[in-house]
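For the sequence shown, this note's numbering gives the first residue as 779, with consecutive numbering after it. Note sheet for the following structure.
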Amino acid sequence: MAAGYHWWQLGQAVWDAARLFLLNPLLYLATLLLIWDSYKRGRDQRKFFGFRVTDFWRPLLSMALQAIVLGIVVGVVNVLVGITLHPDELWLVTAIVIILGGIRLRYASALYAISVFVLLALLARIGSGVTGIQAFNWVLSTLRGASIVSYIALAAVLAFAEWAFMWLRRNAQGAPALRSSRRGRVIGAVIVQNSAILPVFAFQPGVVPVPAHAPFLWPLAAAQSGLSLVALPMLFGFNGLFSGVHPKHVNRLSQRYFLLMAVLLSADAYLVYRFASLFAVIGIFIILVLKEITWWHLNQIENESDALYPLSSEGVRVMGAARGSVADAMGLRRGEVIQKVNQVPVHSVYDFHFALDQNPAYAKLDVLDVQGEPRIVGKPVFSGERNKLGLVLLPDQPGGTAYEPLRTGWLHTLYLTRTHLPNHSADRFTELDSVSLTD
């Protein structure tokens, strides 16, 4: 026995949390959607560029590792604050996530689900009595027994987690893609991949005694006679298709909104804790308004920006380089324009490959970088490396296939659809091509 509890009780608490986490269907539904999104992206890249540019598992595993580390930090904060959630409540939250996700995937984000749950909990406190429907009575009793302050505090912690996740993803380059412009031409674009599953744990009522100093360390759990642990998967982050905004700017802008949301929700949690649950209405308003403003602002900037990766009359546009390829070793980056290959001017993808074939043992490229500064890169091309060039070029053939414009949200890239564009043989080189967003 130590500090009023047996160590087996702590083990039981951890097991309770792990069991609830692994039994949650949302974990498997979201994982399947993430895997399907990665498969779909690779399939479309083969259609656009002739080969899969991004690795299938690497982005998924990288984001999963970041989310796990972040989830541990979030869980520690939840425990220190004393956020207490009942398993029955979490089943309701899971059901809300699935229902909202069925309407539109961006609404499957955990913050949307928490705002709806808190609203239902407040409404349940207004009514009284029971009905003849047992399931409905269970829902009402679960909502009435929920700790509203815990859910507002959890929303604040999750907003901080989204801010931290965007910071961790600040150097992510995204995946190259093609999209249709307002003028019906193919332009380059980038898929920003920031959708993930956050494993979250917190307190639940249980058998481990609450120490006497709990009001100082765990203010939200001090009223409980005993505690255990609970865990659940929560969906956070977003995906989007951008051709006029750099991925770094997308992440920086979203960070500001998430940080503002976290600060405001923290203040609202204090109001709910000190005064009344009715102040949670402010938290619901903060979540819904700031979430929608974030997506609106990103889409508005994208809609008003000039394309970053249109066809260039000065050469061929680079859309990326496969990891570990010859092009990657040369340091070629997205947005640059290759003007010459082995001193031969190139104005099309065909010119590029034709000039490269003239001296298959060496590749010397005159490149115009994204700042408009010229530079020269070169590398010997050894036997067997010709098929591993790994250079992603913007197609310049008239017509072609590209994505339709898309709005931003959790795993919204699953909604991406390819469209066949008309054959525009004239006026193909327009540096100020713009895009148009539609639902």
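For every residue, glycine included, the Cβ atom is placed at its ideal position computed from N, Cα and C.
Hey, would you say Ile874 sits closer than 8 Å to Val896, going by beta carbons?
-> No, the Cβ-Cβ distance between Ile874 and Val896 is not below 8 Å.
Closest by C-alpha distance to Gly1156, when choosing among Leu1169, Val1170, Tyr1140 = Tyr1140
Between the segment 874 to 885 and the segment 935 to 954, do three or more beta carbon pairs fall short of 8 Å?
-> Too few Cβ pairs lie closer than 8 Å, so no.
What residue range is occupied by the uninterrupted alpha helix (DSSP H) comprising Tyr1193?
-> Here Tyr1193 belongs to no alpha helix (DSSP H), and DSSP marks it neither H nor E.
Provide the residue span of the beta strand (DSSP E) that contains Thr1179, from first to last.
-> Element bounds for Thr1179: 1179 to 1181.
Nearest-angstrom Cα separation, counted from Trp869 out to Ala1009 = In a straight line, the C-alpha of Ala1009 is about 11 Å away from that of Trp869.
Can you name, in chain order, every residue of its own chain whose Cβ lies under 6 Å from the Cβ of Asp1129, other than the five neighbours on each side?
-> none
Does DSSP classify Thr1186 as helix, strand or coil?
-> Assignment of Thr1186 by DSSP, reduced to helix, strand and coil, places it in the coil class.
Alpha-carbon to alpha-carbon, Pro977 and Met1012 | 6 Å
Determine the burial state of Phe834: buried for a count of at least 16 other Cβ atoms within 10 Å of its Cβ, exposed for fewer.
-> exposed
If Gln982 and Thr872 are in contact, beta carbons under 8 Å, what's the gap, nearest whole angstrom?
-> With a Cβ gap of about 15 Å, Gln982 and Thr872 do not count as contacting.
Could you please give the first and the last residue of the uninterrupted alpha helix (DSSP H) stretch that includes Gln1033?
-> 1025 to 1052
Length at least 4, wholly inside the segment 824 to 910: the alpha helix (DSSP H) runs in chain order = Counting only runs of 4+ residues, the alpha helix (DSSP H) found wholly inside the segment 824 to 910 occupies 836 to 859, 865 to 881, 888 to 904, in chain order.
Span separating the alpha-carbon of Val970 from that of Gln823 | Cα-Cα distance, rounded: 14 Å.
Would Phe994 be called buried (16 or more neighbouring beta carbons within 10 Å of its own) or exposed?
-> Because the pLDDT at Phe994 is just 44, under 50, the model does not fix this residue reliably, and the value given afterwards should be weighed accordingly. Using a 10 angstroms sphere on the CB of Phe994, the tally of other CB atoms stays under 16, which defines it as exposed.
Rounded to whole angstroms, how far is the Cβ of Ala967 from the Cβ of Phe1020, which I believe are closer than 8 Å?
-> 6 Å
Output yes or no for whether 8 Å exceeds the beta carbon distance between Leu1146 and Lys1118.
-> no
Residues bridged to Leu956 by DSSP?
-> Gly966
Out of curiosity, what's the CA-to-CA distance linking Arg1112 and His1198?
-> Their backbone Cα atoms lie some 24 Å apart in a straight line.
The segment 953 to 965 touching the segment 1171 to 1184, judged by at least three CB pairs closer than 8 Å = yes
Quick one: what's got a C-beta closer than 7 Å to Leu1038's C-beta in the same chain, skipping five residues either side?
-> Leu1068
Just the Cα atoms here: how many angstroms apart are Ser847 and Ser1126?
-> For the sequence presented, residue 847 should be read as Val rather than Ser. Val847 and Ser1126: Cα-Cα distance of roughly 46 Å.
When we look at the beta-carbon of Asp1084 and count the other beta-carbons within 10 Å, is it buried (16 or more) or exposed?
-> exposed
Of all the options Ala937, Arg830, Ala795, Ala845, which has the alpha carbon lying nearest to the alpha carbon of Ile1064?
-> Ala937
Buried/exposed call for Leu810, threshold 16 Cβ in 10 Å = exposed
Residues bridged to Asp1147 (per DSSP) | Note: Asp1147 sits in no beta bridge, so no partner.
Apart from the five residues on each side of it in sequence, which residues of its chain come closer than 6 Å, Cβ to Cβ, to Ile1060?
-> Asp1046
Alpha helix (DSSP H) containing Asn915: first to last residue?
-> 912 to 923
Option in Leu838, Thr832, Ala1180, His864 with minimal Cα separation from Leu1005 | Of the candidates Leu838, Thr832, Ala1180, His864, the one whose C-alpha sits nearest the C-alpha of Leu1005 is His864.
Using three-state DSSP, classify Phe1132 as helix, strand or coil.
-> helix
Is Ile904 buried or exposed, if buried means 16 or more other CB atoms sit within 10 Å of its CB?
-> exposed
Check Gln1121 in the structure and name its three-state DSSP category.
-> coil
Just grab the DSSP bridge partners of Gln971 for me.
-> Asn1017
Specify, as a first and last residue, the run of the beta strand (DSSP E) that Ala1099 falls within.
-> 1094 to 1099
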